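Undergrad:
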Amino acid sequence: MADKVKILVICGPTASGKTSSSIRLAKQLNGEVVSADSMQIYAGLSVGTARPDTSEMDGVVHHLMGFLEPEQTFSVADYVELASNTIQQIAERGHVPILVGGTGLYISSLLDGVRFSPAKPLSQERMLLQKELDEKGIIPLYEELKSIDPQYAATLHPNNHVRVLRALELYRQTGKTMTEQRNESLPKEKPYNACIVCLCPKDRQILYERIEMRVDQMMEMGLLEEAKKVYLNRESYHTVAQAIGYKEFFPYFEGKMALSDCVQSLKQATRNYAKRQLTWFRRMPDVLWLDPQETVESIVLEYWKSKDFEKE
RNA sequence: GGUGCCGUAGCCAAGCGGUAAGGCAACGGUCUGCAAAACCGUUAUGCACCAGUUCAAAUCUGGUCGGCACCU
């Protein structure tokens, strides 16, 4: 068995201080940052996605940030492939790969080594299913899923149209059920020796205060202009138009809501999002939880050194 | 001082004699190709307070307190 690559993972909800900590750690470990953020991958839009600028990066190499045009689509499967390759290259260079981000699905999938179905979803198939849904409602579709894959259907609520449709799409296209796909997708062994740290204030209230402060900062940095650009291109900016930080301003651009109310709803949406992010991190195994008020860098460095995967 | 309206969960709010809708927030969770998305679960032995009428009161009556509006 070949030695697995040892990587450092810094995850955590939004506004928990991942970016600055990871940059300091990268300098001390001779590392390179690999972003695990579903929105920072897009070009432009740096304010709303809190992407660090060159001076903040302080010479540390960052990967998978701002490399995709907002018109393009992307998925977890693309992410796992790209990130795996990037990590491999960093390791070959003799540097430490540092995975940093808040997109739980991306991080989990990468660390578990999920092998997604080789068949790419076809847009016609999806449109057909959407049409069926519009015409007949969810019940017949959910029933269909129940008959082909009762096990997976049992875990889904019929209201979750997105997943019901996706499971049917997978089956119609490949003849494989979601249960089969899931069973085949996990390798016997995880692909990395991951040293996982989750940054999060112990007091939820403090997290929420940090979020509000950060939104105010973004406003000063020109978030509104960025949002305007997204608004004007909302038809073609498929994924970005649903990012938190832009869609909240759409009612303002349409003259339906005061700017200050939009800022409030942006703060609210971000708080809700942070809470959802935590459900991902809480269920990942072997996570070192740290409050950003602690001396994060020194604790992480010690933890990193203490993790001797060879002897396991 | 007088008259009228109002007081239901952290917030908004329905109910107007038959055993507390709903929304938001909060908290917990799901997640295998758009995931900053989508979805699920939990949350008032109690309706300002006291007394009364009634088999039964958040709902009716009287009083007390608090708020709002108008009048003097």
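Counting with the numbering used here, you get residues 406 to 717 for the letters of the first sequence.
From the three backbone atoms N, C-alpha and C, an ideal C-beta is built for every residue, glycine too.
Keep in mind the model is a prediction, meaning the values are calculated, not measured.
1) Alpha carbon to alpha carbon, how far is residue 592 from residue 476? Give it in angstroms, no decimals.
2) Secondary structure at residue 601, three-state DSSP: helix, strand or coil?
3) In angstroms, rounded to a whole number, what distance separates the CA positions of residue 466 and residue 653?
4) Nearest-angstrom Cα distance between residue 514 and residue 483?
5) By Cβ distance below 6 Å, which residues in the same chain neighbour residue 590 in space, the five residues on each side in sequence not counted?
6) Between which residues of its own chain and residue 524 is the CB-CB distance below 7 Å, once the five residues before and five after are set aside?
7) Buried or exposed for residue 682, going by 16 or more other Cβ atoms inside 10 Å?
8) Return the residue from the list 557, 582 and 544 that minimises the CA-CA distance to residue 564.
9) Between which two residues does the alpha helix (DSSP H) holding residue 430 run?
10) Helix or strand or just coil, what does DSSP make of residue 665?
11) Name the DSSP bridge partner or partners of residue 411?
12) By DSSP, does residue 509 sit in helix, in strand, or in coil?
13) Please report the straight-line C-alpha distance between residue 457 and residue 581, rounded to a whole angstrom.
14) What is the residue span of the alpha helix (DSSP H) that residue 487 lies within?
15) Alpha carbon to alpha carbon, how far is residue 533 from residue 443?
16) Under 8 Å by Cβ, that's how I've got residue 679 and residue 414 pegged, so tell me the actual separation to the nearest angstrom.
17) The alpha helix (DSSP H) with residue 695 in it runs from where to where?
18) Applying the criterion that 16 or more other CB atoms from any shown protein chain within 10 Å of the CB defines a buried residue, is residue 406 buried or exposed?
19) Leaving out five residues before and five after residue 517 in sequence, what residues of the same chain have Cβ atoms less than 7 Å from its Cβ?
20) Determine, using beta carbons only, whether residue 445 and residue 454 come nearer to each other than 7 Å.
21) Quick one: using the 10 Å Cβ neighbour count with 16 as the cut-off for buried, is residue 428 buried or exposed?
22) Check this for me: beta carbons of residue 447 and residue 481, under 7 Å apart or not?
23) Given residue 487, which residues of its chain have a CB within under 8 Å of its CB, disregarding the five upstream and five downstream residues?
24) Would the beta-carbon of residue 438 fall within 7 Å of that of residue 505?
25) I'd like to check one pair, residue 613 with residue 676: are the Cβ atoms closer than 7 Å?
26) Please classify residue 423: is it buried, with 16 or more other beta-carbons within 10 angstroms of its beta-carbon, or exposed?
TA: Looking at the atomic coordinates:
1) Spanning the two alpha carbons is a distance of roughly 33 Å.
2) Note: residue 601 maps to strand in three-state DSSP.
3) If you draw a straight line from the Cα of residue 466 to the Cα of residue 653, it comes to about 32 Å.
4) Residue 514 and residue 483: Cα-Cα distance of roughly 11 Å.
5) Excluding the 5 residues flanking it on each side, residue 590 has same chain C-beta neighbours closer than 6 Å at 519 and 520, in chain order.
6) Correct list, in chain order: 578 and 579.
7) Buried, by the Cβ-count rule.
8) Ranking 557, 582 and 544 by Cα distance to residue 564 puts 544 first.
9) Start and end: 423 to 434.
10) DSSP places residue 665 within a helical segment (H, G or I) once states are collapsed to three.
11) The beta-bridge partner set that DSSP reports for residue 411 consists of 598.
12) Here DSSP, grouped into helix, strand and coil, assigns residue 509 to helix.
13) Residue 457 and residue 581: Cα-Cα distance of roughly 42 Å.
14) That run of the alpha helix (DSSP H) goes 481 to 497.
15) Cα-Cα distance, rounded: 27 Å.
16) Going by Cβ atoms, the distance from residue 679 to residue 414 rounds to 18 Å, so no, they are not a contact pair.
17) That residue, residue 695, is in no alpha helix (DSSP H); its beta strand (DSSP E) goes 692 to 695.
18) Since pLDDT at residue 406 reaches only 48, below the 50 mark, its modelled position is unreliable, and no value is offered.
19) Cβ neighbours of residue 517 beyond the five flanking positions: 591 and 595.
20) For the pair residue 445 and residue 454, the CB atoms are nearer than the 7 Å cut-off.
21) Residue 428 should be labelled buried.
22) Taking 7 Å as the Cβ cut-off, residue 447 and residue 481 do not qualify as a contacting pair.
23) Shown here for residue 487: same chain residues with a beta carbon closer than 8 Å to its own, the five before and five after excluded, namely 469 in chain order.
24) In contact: residue 438 and residue 505 (Cβ atoms closer than 7 Å).
25) Yes, they are a contact pair.
26) Around the Cβ of residue 423, a 10 Å sphere holds 16 or more other Cβ atoms; the residue is buried.
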